[in-house]
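Asker: Provided herewith is a single structure, encoded as structure tokens, for subsequent inquiry.
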Amino acid sequence: MRLSVRHRTTYTYDPEADRVALRLKLYPSTHSGQRVLDWSVSVNGDTVAPLVRDAYGDQIGLWNHMTPLGAAEIVASGTVEVTDTTGMIRDLPSHPPPGIFLRDTALTEPDAALLAFARAITAESELERAHSLSAAVTEAVEYRPGLTDAKTTAAQALALGAGVCQDHAHVFIAAARSIGIPARYVVGYLLTDDEENTLVETHAWAEAHVTGLGWIGFDPSNAVCPTDRYVRLSCGLDAPDAAPVNGNVLGQPDIGFDTDVTVIQGQQQQSQSQG
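Numbering of the sequence shown is given in this note's numbering, commencing with residue -7 and proceeding in unit increments.
Okay, here's the thing in structure tokens:
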């Protein structure tokens, strides 16, 4: 499936920021299930080319503004051809040791309840345990927007029994790591069908490293492994580590945020806005 993506994010600063520095992980990589045909990133109309790859293999672009600034509009757009690999991720441009992704973070540190949740997964093979864990997260954490936020931990989401894609990914990652399966957080784009076939979302899911197979994606929010409707953008130990945009601002202004994504697949335009 060929997907054309336009992802716009605008930060507004009140009063104007004295200096803005942005670190961008907005460059999807080509791998066995995903081929980037064309892609560009700009900030306030200035093209930002990727400079380096980080330890996870994601391309990084940097943008700095040294004078007072009222707003920064970030636009990532391009065309990606995606094939269904039943969630398997191969031929990435970088191969960090899987053990890196056994390290807990403040958002994925398990408590006693989460450890017990993970230990209840009794499937024999590592692959079966990963699939069973994803299904268990889907059942244990209902998809309910508005109850959690960016600071909600995996343990808190599991205790609440509700959350969004970030929470599903964090619970899966925390549980997988606790039973010895390396797992990481993934950010990307997801083309979904609502009743009018008009919904597209920026999305988050998890990947687990299975011995002998490599990295496999799991999306507990939708109870599937990623298909050809998913565009993989960036990864990390948790949501902040994988974030497509990170910034430093001098002047300590109040920061406003607005984002929207548009995807065109074939002749049909599908879009979602968030504000």
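Every residue gets a Cβ at the ideal spot worked out from N, C-alpha and C, and that includes glycine.
Computed from a predicted structure; not experimentally measured.
1) Ordered along the chain, which non-local residues of its own chain (more than five positions away) have a Cβ less than 6 Å from that of Val67?
2) What three-state label does DSSP hand Ala122 in the structure shown?
3) Taking one C-beta from the region 120 to 134 and one from the region 77 to 90 each time, how about it: are there three or more such pairs within less than 8 Å?
4) Who pairs with Ser86 in a beta bridge, going by DSSP?
5) Does Gln244 pass the burial test, meaning 16 or more other C-beta atoms within 10 Å, or should it be called exposed?
6) What's the C-alpha gap between Ala161 and Gln257?
7) For the beta strand (DSSP E) that Arg111 lies in, which residues bound it at each end?
8) Can you tell me whether Leu152 is helix, strand or coil according to DSSP?
9) Looking only at its own chain, which residues have a Cβ that is under 6 Å from the Cβ of Leu139, when we skip the five neighbours before and after it?
10) Please return the same chain residues whose Cβ sits closer than 8 Å to the Cβ of Leu119, not counting the five positions on each side in sequence.
11) Below 8 Å on the Cβ atoms is my guess for Leu84 versus Ser21; work out the distance and round it to an integer in Å.
12) With DSSP as the reference, identify every bridge partner of Glu131, one or two as the case may be.
13) Just the C-alpha distance for Pro57 and Ala9, rounded to the nearest angstrom, thanks.
14) Going by CA-CA distance only, name the one from Tyr48, Leu54, Val253, Gly49 that's closest to Pro42.
15) Report the rounded CA-to-CA distance for Arg152 versus Gly91, giving the unit in angstroms.
16) Give a yes or no on whether the C-beta atoms belonging to Val178 and Val(-3) are separated by under 8 Å.
17) From which residue to which residue does the beta strand (DSSP E) around Arg15 run?
18) In three-state terms, what does DSSP make of Trp197?
19) By Cβ distance below 7 Å, which residues in the same chain neighbour Leu107 in space, the five residues on each side in sequence not counted?
Answerer: By the coordinates alone:
1) Around Val67: Arg0, Ser34.
2) Shown here, Ala122 sits in a helix according to DSSP, grouped into three states.
3) At 8 Å Cβ cutoff, the stretches do not touch.
4) Bridge partners of Ser86: none, in fact.
5) Exposed: under 16 other Cβ atoms inside 10 Å.
6) Across the structure, Ala161 and Gln257 are spaced so that their CA atoms are roughly 26 Å apart.
7) According to the DSSP assignment, Arg111 belongs to no beta strand (DSSP E) but to the alpha helix (DSSP H) extending over 104 to 111.
8) Helix.
9) Cβ within range, chain order: Ala154.
10) Once the five neighbours on either side are set aside, the close Cβ partners of Leu119 are Val202, Leu205, Ile208.
11) Right, the Cβ-Cβ distance comes to about 6 Å (below 8 Å), so this counts as a contact.
12) Answer is none; Glu131 lacks a bridge partner.
13) According to the sequence displayed, residue 57 carries His and not Pro. So the alpha carbons of these two residues sit roughly 9 Å apart.
14) The candidate whose alpha carbon is nearest that of Pro42 is Leu54.
15) According to the sequence provided, residue 152 is Leu. The question's Arg does not apply to it. The alpha-carbon separation between Leu152 and Gly91 amounts to approximately 29 Å.
16) No, Cβ-Cβ distance for Val178 and Val(-3) is not below 8 Å.
17) Where Arg15 is concerned, the enclosing beta strand (DSSP E) stretches over 11 to 16.
18) In the structure shown, Trp197 adopts extended strand secondary structure according to DSSP, grouped into three states.
19) Cβ neighbours of Leu107 beyond the five flanking positions: Ser170.
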